[in-house]
Amino acid sequence: MKDYIIKDIELASWGEKEVRLAEREMPGLMELRKKYGKEKPLAGAKIAGCLHMTIQTAVLIDTLIELGAEVRWMTCNIYSTQDHAAAYIASKDIPVFAFHGMTEEDYNSCLEFVVNKDKTFWPNMVLDDGGDLTKHLIENYGDYFEYENIPNIGIVGITEETTTGVLRLKEYEAAGKLPVPAINVNDSVTKSKFDNKYGCKESCVDAIRRATDIMMAGKVALVVGYGDVGKGSAASLASAGCRVIVSEIDPICALQAAMDGFEVCETNDAVDRADIIVTATGNFNVINSKHFGWMKPNAIICNIGHFDNEIDVAWLNNEENAVRTNIKPLVDLYTVKDTTCFGNRKKDIILLAQGRLVNLGCATGHPSFVMSCSFTNQVLAQIELCNNAEKYEDKVYVLPKELDEEVARLHLPHLGATLNTLTEEQCKYIGVKKEGPYKSDSYHY
Ligand code: NAD
Ligand code: ADE
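What follows is the structure in structure tokens.
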């Protein structure tokens, strides 16, 4: 019986061809298949996954299955699904609930389908991106966690992909409400310092170009937030020739931005100068109703953070003085009242992806290679919790540095990079072992 909700199963062979191409750029995942394909360390794992259903994620899902897991999957965003990737997964009889452009109601239904279909699939592991599935399970299926010590019945662990999801996990932990151990994949160095930064460096401008075809060179771009995603996004815009302004709340990140050569000022002081505005904070309402009226005519606004509340899109869609004209899917023009000193005139501003992650809504997300780094961490985290959950308390952990370094090591040959080897004397001199780890936990990279 059909156990999927996707756009079109006919897209499967296109999806498969792109998956084969992506595999060539995902050496970490392919190496894990070689290393663990026979041993099957994920045998018995029933993973409920909630993560953007892209081509790269299809390679992750294939890897989890090759290592022995049973998997049900849903997208973690209503606009991020690549329908040919979802079709490829469905064609392999893997239950998948994902199509591009679903409604919020569809999304909430998928949260049910991914865990509770006919009660025949009880997940014992969660792989989440943003925490929606974790929240759904904790709030509605607390009993899924109660039997964690009985093999194959209760959920024994959670692995979380992104900054915003980790924030939620830590809130549960602080409130004593985290029911099982969780691994924070985001804070592996080979995740956040690569996917969030170098990934956005490629996918931020890609999305704005695909959506608008605007000439980037010479434009003024404002990046709100200069964490890992903001750093990547600012670099992306700068390398396209934009003059970049950054706004921050954190003096350390603001100083980094200034010393990277960017103008740093308050959002309020930059919003009327920007042709392009990108939010990257993981916070809410950083671009709000007062800002729209101050913007330059034809300003492009988008968000690359996890949730759509960084920009007050609800105001744009509900305010009677903001008239929406759809240009094409996920590109909307809003005619709003000008509230600058020029007074009483109207102007157009352009919103991408309805304020949802622009790189996944208007483009295809990060490239395969950097996703291989992230997803190699995901698979290692799943293996660890699936086999050793009882060794952990109900807290949020990161993978050990040895594994982080191993993920990097697996990706070096693909780039033709080789490493020096320490001599015994050098090991003693800097106090590290020949095989690593090479840095203390407090090193910031
Ligand atoms: P981060 O914590 O490293 O950076 C966020 C930055 O925003 C911080 O430096 C913080 O000081 C700043 N900030 C917070 N509120 C602000 C405000 N009001 N004004 C200005 N700056 C403010 O987090 P990150 O890893 O960069 O992630 C940011 C968001 O992007 C998260 O929601 C994360 O889940 C998401 N993310 C998206 C992608 C993607 O592909 N689109 C990839 C990774 C992470
Ligand atoms: N997050 C950012 N880019 C992604 C991609 N290509 N696939 C899955 N998750 C992503």
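Going by the working numbering, the residue at position 256 of the sequence shown is 293; the numbering climbs one at a time, nothing skipped.
All residues carry an ideal CB built from backbone N, CA and C; glycine is no exception.
Can you determine whether any heavy atom of the ligand ADE sits closer than 6 Å to the C-beta of M111, and answer yes or no? Not so, every heavy atom of the ligand ADE lies at least 6 Å from the Cβ.
With C-beta atoms as the reference, is V261 less than 7 Å away from T318? When the beta-carbon positions are compared, V261 and T318 come within less than 7 Å of each other.
Evaluate contact between the segment 301–310 and the segment 238–253, counting only Cβ atoms and requiring at least three cross-stretch pairs below 8 Å. Verdict: no, contact absent.
Coarse secondary structure for N40, derived from DSSP in three states: Here residue 40 is Asp; the residue named in the question, Asn, does not match the sequence. Coil.
Do L97 and F412 have their C-beta atoms within less than 7 Å of each other? Yes.
Proximity of P494 and D40 at Cβ, strictly below 7 Å: Residue 494 lies beyond the residue range present for the chain, which begins at 38 and ends at 482; the question has no answer from this structure.
Give the DSSP bridge partners of D369, in chain order. Note: D369 sits in a beta bridge opposite N363 and L388.
Distance between beta carbons of I220 and Y434, contact taken as under 8 Å: Their Cβ separation, rounded to whole angstroms, is 5 Å, which keeps Y434 and I220 in contact under 8 Å.
Could you tell me which of E421, V151 and F136 sits nearest to L440, measuring between CA atoms? Taking only the C-alpha atoms, the option nearest L440 is E421.
Quickly, what does DSSP pair V407 with across the bridge? List them, please. DSSP lists no partner for V407.
Could you tell me the alpha carbon to alpha carbon distance between L204 and L164, rounded to whole angstroms? Between L204 and L164, the C-alpha separation is close to 15 Å.
Within this structure, are the beta carbons of R65 and V444 separated by less than 7 Å? It is Gly, not Arg, that sits at residue 65 in the sequence shown. Yes, these two residues count as a Cβ contact at 7 Å.
Output the distance between the C-alpha atoms of M95 and K172, rounded to the nearest integer angstrom. Here residue 95 is Ala; the residue named in the question, Met, does not match the sequence. A straight line joining the alpha-carbon of A95 with that of K172 spans about 24 Å.
Using a 10 Å radius around the Cβ and a threshold of 16 neighbouring Cβ atoms, would you call A80 buried or exposed? So A80 ends up on the exposed side.
According to DSSP, what are the bridge partners of V281? Bridge partners of V281: A258.
Assuming D265 and V407 form a contact by the criterion Cβ under 8 Å, report the distance between their Cβ atoms to the nearest whole angstrom. Actually they do not touch by this definition, with Cβ atoms about 12 Å apart.
In chain order, what residues of the same chain have a beta carbon less than 7 Å from the beta carbon of K77, not counting five sequence neighbours either side? Shown here for K77: same chain residues with a beta carbon closer than 7 Å to its own, the five before and five after excluded, namely L104 and G105 in chain order.
Quick test of your reading: R280 and D345, contact by CB under 8 Å. State the CB separation rounded to the nearest angstrom. So it is not a contact: roughly 27 Å between Cβ atoms.
Does the beta carbon of M408 fall short of 6 Å from some heavy atom of the ligand ADE? Within 6 Å of the C-beta of M408 there is at least one heavy atom belonging to the ligand ADE.
Three-state secondary structure (DSSP) at E60? If DSSP states are grouped into helix, strand and coil, E60 belongs with the helices.
Residue ranges of each beta strand (DSSP E) within the segment 114–187, 3 or longer: The segment 114–187 is shown to contain whole beta strand (DSSP E) runs of 3 or more residues at 162–165, in chain order.
I'd like to confirm something about H534: is its beta-carbon nearer than 6 Å to some heavy atom of the ligand ADE, or not? Only positions 38 to 482 of the chain appear in the structure, and residue 534 is not among them; the question remains open.
Heavy atom of the ligand NAD less than 6 Å from the Cβ of T199, yes or no? Under cutoff, so the answer is yes.
For N221, which beta-bridge partners are listed by DSSP? By DSSP's assignment, N221 forms a beta bridge with E197.
In this structure, how does DSSP classify T94 when only helix, strand and coil are distinguished? It is helical.
Is the segment 81–92 touching the segment 365–374, taking contact as three or more C-beta pairs under 8 Å? With the cut-off at 8 Å, the segment 81–92 and the segment 365–374 do not touch.
Is it right to say H448 is buried, meaning 16 or more other beta carbons lie within 10 angstroms of its own, or is it exposed? If you draw a 10 Å sphere on the C-beta of H448, you find 16 or more other C-beta atoms in it, and that means buried.
Given that a residue counts as buried once 16 or more other Cβ atoms are within 10 Å of its Cβ, and exposed if not, what is D130? By the Cβ-count criterion, D130 is exposed, with fewer than 16 other Cβ atoms from all chains shown falling within 10 Å of its own Cβ.
Work out the CA separation of E430 and M111 for me, nearest whole Å. Going from the Cα of M111 to the Cα of E430 covers about 28 Å.
For K438, collect the residues of the same chain with a Cβ closer than 6 Å to its Cβ; drop the 5 residues on either side in sequence, then sort them by chain order. The beta carbon of K438 is closer than 6 Å to those of P474 in its chain, skipping five residues each way along the sequence.
Measure the C-alpha to C-alpha separation of L69 and H451 and round it to an integer number of angstroms. Going from the Cα of L69 to the Cα of H451 covers about 15 Å.
Cβ neighbours of C399 in the same chain (closer than 8 Å, five flanking residues each side left out): Hits under 8 Å: A244, I245, R247, A248, C339, L367, V368, L389 and A390.
If you measure from the CB of T94, is any heavy atom of the ligand ADE nearer than 6 Å? Yes, the ligand ADE has a heavy atom inside 6 Å of this Cβ.
If we cut at 7 Å on Cβ distances, does I92 have a partner in chain C? You won't find chain C in this structure, because it holds only one protein chain.
Please report the Cβ distance between H121 and E60, rounded to the nearest whole angstrom; I am assuming they are in contact, meaning their Cβ atoms lie under 8 Å. No, H121 and E60 are not in contact; Cβ-Cβ is about 15 Å, not under 8 Å.
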